[in-house]
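Going left to right, the sequence shown walks through residues 73 to 458 as the working numbering numbers them. Glycine included, every Cβ here is placed at the ideal spot set by N, Cα and C. The model shown is predicted, which means the values in this text are computed figures rather than measured ones. Here's the structure we're looking at; comments come further down.
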Amino acid sequence: MPSAGKSWFSDIDVGLQVEGGAMANTGHPDNGMNFGQLLQSHSDTGMLNQVALTITKPVDSIGEGYGLGANIQMLYGSDARAYITTGISDRWLDHHRYQLTPIQANIALHMPWLAKDGLDMQLGILSSPMGVEVLNPAGRAFYTMSYTAQYSNPFEHVGFYGQWHLNSHYAVLFGMDAGNQKSFGRGNNNGEPAGYVGFNASQLAGGALSVTYLLRVGPEDPRRLLGSHRAHEAQRFWNDINATWQINPKWSLTAEATQVHDEGLDANTWSGVVWGAYAATSTLTFNARAEVYRDSTGQFVVQYPEDTGYGRSLLGLPARTYTAPATTYGDLSFNAVWRPNIGHHIKLLQIRPEIRFDRSLNNTRPFADFRHQNRILIGGDVTLGF
């Protein structure tokens, strides 16, 4: 229980974070799109990616080994177009480039069950636990995202997610939800749930190595596309394993491998991504990222030129799209992350200049209005946190 004179609400934290940036495209596509980028979607155009308001109540004891907390995060900006949850936020700011969506709205529980370190659980609206690159710009190395993060990792869920801590190193992971970016009622594209199972191994090899594996299974294709019976029975299988190795205080290495099979679309993807980071000083880090991503049918890597196109496609509604044929994508990115300590109530100033090289490895032409096999993006972003 909270100590005498201390309210359970006394440690609530409120934060505000703003991110904006741009990526110039050397191909100068006539359609104005950076193909294969859901967030940095418009070429040669400045974007207000995020204004994120976060309210966090850490998990505090409520007696007898139980704990309770809560998380709320609202996001306004161009990134919200890809992170909406159907049935909740897909119609809030319809046909606006800058949209509004809840990223977190959940209660967090700790229960002293099953093992010494117990069971942690979140219930409500929560971010997907799968993958390395997250929406928060302060939590990922690059401004642009890998194809893997955008097309082979889920984004948002309405449901629950749990971690059963077997001991200080190993945990069993599990959860169930309404689908990727789906809620209930009109917001569910096929009326069937999906779920996770996996494990996490942390602080191995003297604290230098952590590994996470997650399997996700459930129907994700809309009934408007496949019909109710087929949409209910056709499963999508997502496999993701990633590991981080802190080689020494300055050097770290992260790797991720994914595989997705969709029975309804008869489509597959596989990918591998590697990140390397060098902390030159306490405020300056250099990063590199290399990826190979295979979209076997061209149905996963899709561009949505209209601001509500992505959300409509989740429900199987008509939406204008740009797609490429079956393509093996290769990309290589380099950046610097500078986080000077400036004080004056500013918790974070992050500046990330970036250059990214993309290429079709099987001679298709997915870039610059489907005229080019290669593409270079140059730009970056600035993030301020209060």
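Query                                                                                                                          : Result
Contacts around M73, its chain only, beta-carbon distance under 8 Å, and the 5 residues preceding and following it disregarded : Note that M73 scores 46 on pLDDT, short of 50, meaning its location in the model is unreliable; the coordinates nonetheless yield the value given after this. Counting only Cβ-Cβ distances below 8 Å, and skipping sequence neighbours, we find S133, I134 and G135.
Where D83 falls, given that 16 or more other Cβ within 10 Å makes a residue buried                                             : exposed
9 Å Cβ cutoff met for T126 and G92                                                                                             : no
Cut-off 7 Å between Cβ atoms - residues of its own chain near N311, not counting five sequence neighbours on either side       : L287, T330 and Q331
Sequence-distant residues of the same chain with beta carbon closer than 6 Å to I313, five excluded per side                   : Y285 and A329
CB of D367 within 9 Å of CB of T341, strictly                                                                                  : yes
Own chain residues within Cβ distance below 6 Å of R384, not counting five before or after                                     : A391
Cβ contact (3+ pairs, closer than 8 Å) linking the segment 161–169 and the segment 374–383                                     : yes
Cα-Cα separation, D338 to N446                                                                                                 : 28 Å
Proximity of G251 and G290 at Cβ, strictly below 9 Å                                                                           : yes
Separation of W80 from R443, as counted between CA atoms                                                                       : 60 Å
Beta-carbon gap between Y233 and P201 smaller than 9 Å                                                                         : yes
Residue from V131, L245 and N178 with nearest C-alpha to V230                                                                  : N178
Environment of W323 [buried if 16+ CB atoms lie within 10 Å]                                                                   : exposed
DSSP-derived helix/strand/coil call for Y233                                                                                   : strand
For V86: DSSP bridge partner residues                                                                                          : I127
Top-ranked residue by Cα proximity to S218, from Y148, V346 and Q194                                                           : V346
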